[in-house]
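Mature numbering (1 follows the signal peptide of the UniProt record, and there is no 0) puts the sequence shown at residues -23 to -1, 1 to 430. The structure appears below as structure tokens.
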Amino acid sequence: MSRTRIIPLITLVTAIGTLPARAADEGKAWTLHDCMAYAVEHSPRSKIQELTNANTDRDHLAAIMNFLPYISGSVGANANFGRSLDPETNTYTAQNNFNNSYSVSGSLPLFNGFKVVNNLRIAKIARLQGAENMQLINDEIALETMQAYADVHYYRGMVNLAGEQLAESKNTLYQAKVQEELGLKGNADVLEIEAKVASEDFNLTRQQNLYADAMLKLKEAMFYPIGDTLPLDTTQHWAMAPLAPHVPADSIYRTATDFLPKARIAQLDFQTAMLNFRTAKWQLLPSLSLSGGVSTSYSQTIGGNAVEHAPFRQQFKDRVGKYVSVGLNIPIFKNYSQQITIAKQRNLMKISDQEQKQTLHEIESEIQRAVQDMEGTAKEYIQCTKQVIAQEMAYKAMRRKYEEGLASVIDLQTSSNQLLVAKAAKLNALLQYLIKKRVVDYYKGTPYLEQDY
């Protein structure tokens, strides 16, 4: 992941639409919420998960259908030539016969080790997992877009700072040339300032390139058409939000495990593993099934030796046969395969339990880190603000000394660079604090798209 940048805590307009053409036609700039909503809607990852969830719904329907009986029907016809069995007398004859048969049969498992019931439970859990996976993907996409959006604003701010520094240096160069003509400055001083202007011009170009690259990464995160223009809202007010009251990370963690998609997925994985293990154990028990059917037939002799036969309707009615059966299957020995399956499912359940513990530990660590980062960057911003004030005063004093001939161009350039670094650090600290605050709010239970900006 690229350098973490932080978005400003500002008021953003509600989503104004997701299509770029619409935003351009209405002449509205894209807010952070617009970008995140567009990214979630158009991301292939979201669409893939939607299709996966659709398949999960079909699996759930199939699990429900397994409670219904299996019914099948068949129709057959055959002709016998030469010596064959006469269906009328059930004796062999030399006559040619035509036979037509019909049957319908069905079966219903009465008990199969709760396999059907557990499969339905697993299918229900899979649907819940699909919903949690969708939420997790949407949260990840929103966070990635948020970070890319913050990068754009950071580098745009750096472009502005570099432009201001260059403009001031050009003004200094103009004054130096005037002073050179008046004999107050030497040519060496002018050349040093020209070198400073060239260096700052290069820095401006570099920041512009970084800004363009940040815009490209934002489009990539949004799955936005690369060749289209993406006008962002540049009228937003950048201000430090009131510091959030301290909330212990452990209290956030205790509630976060109940709703965070990552934690819920781990819990559901463990539940699925337990059901698979129980299903494997129950397969050692006998299975009981019920089956039944009905059949009938029609026959007649064909050829030159044909004899009189009953009409089709009468034969169809008279030859109806029915049956009902109950089957009990007792597993005695299956090459030890079922015991192996049980052992493997037990191990998979233990693996899932350990993975759940690992996931919960990672979440606890992430929450602790997010709280620490939020509080740490808030302190950094306060210190950076003081540093900017001090550097501005130092630069003004150094500029007066330079104008009075008491300081060299190198001293002025050093002071100017220190001021630029201080302002950049302040901007970075502001962005970092605000995005870390968004992350902490997410762990408190508010998805990124539902937070106030």
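All C-beta atoms, glycine included, are put in the ideal place defined by N, C-alpha and C. Model, not experiment: these values are computed from the prediction.
Rounded to whole angstroms, the gap between the alpha carbons of Q124 and F247 is 33 Å. N89: not part of any beta strand (DSSP E); DSSP gives it neither H nor E.
The beta strand (DSSP E) runs of length 3 or more contained entirely in the stretch 116 to 180 do not exist; there are none. Per DSSP, the continuous alpha helix (DSSP H) segment holding I328 begins and ends at S314 to E380.
Take L87, set aside five residues on each side of it, and the residues of its chain with a beta-carbon closer than 7 Å to its own are L265, S266 and L267, in chain order. With respect to N73, W259 sits apart: the two C-beta atoms are not nearer than 9 Å.
Distance from L337 to P308 at the Cβ level is roughly 38 Å; contact not present, criterion being Cβ atoms closer than 8 Å. In terms of Cβ geometry, V224 and V417 form a close pair [threshold 9 Å].
Around L187, the same chain offers Y132 and M135 as residues with beta carbons nearer than 8 Å, after the five sequence neighbours per side are excluded. In the same chain as A250, and ignoring 5 residues on each side of it, the C-beta atoms closer than 8 Å to its own belong to Q322, L325, M326, I328, S329 and D330, in chain order.
Between N76 and N43, the CB-CB gap reaches or exceeds 9 Å. Within a 10 Å sphere around the beta-carbon of G90 sit 16 or more other beta-carbons, which makes this residue buried. Under the three-state reduction of DSSP, F58 is assigned to coil, being neither helix nor strand. Nearest to Y151 by C-alpha distance, out of E380, L407, G422 and S393, is E380. The criterion of a C-beta distance shorter than 9 Å is satisfied by G107 and N30. It is roughly 8 Å from the alpha-carbon of I118 to the alpha-carbon of S20.
Nearest to D295 by C-alpha distance, out of N180, V271, A371 and L411, is V271. Taking C-beta atoms as the reference points, I229 and I344 count as a pair closer than 9 Å. The stretch 362 to 369 and the stretch 394 to 409 touch, with three or more beta-carbon pairs separated by less than 8 Å. If you compare the alpha carbons of N180, Q409 and I387 with that of I359, the shortest gap goes to Q409. In this structure, the CA atom of L383 is about 10 Å from the CA atom of R376.
Classified as buried, F200 has 16 or more neighbouring CB atoms from the shown chains inside 10 Å of its CB. For Y15, the enclosing alpha helix (DSSP H) covers residues L9 to H19.
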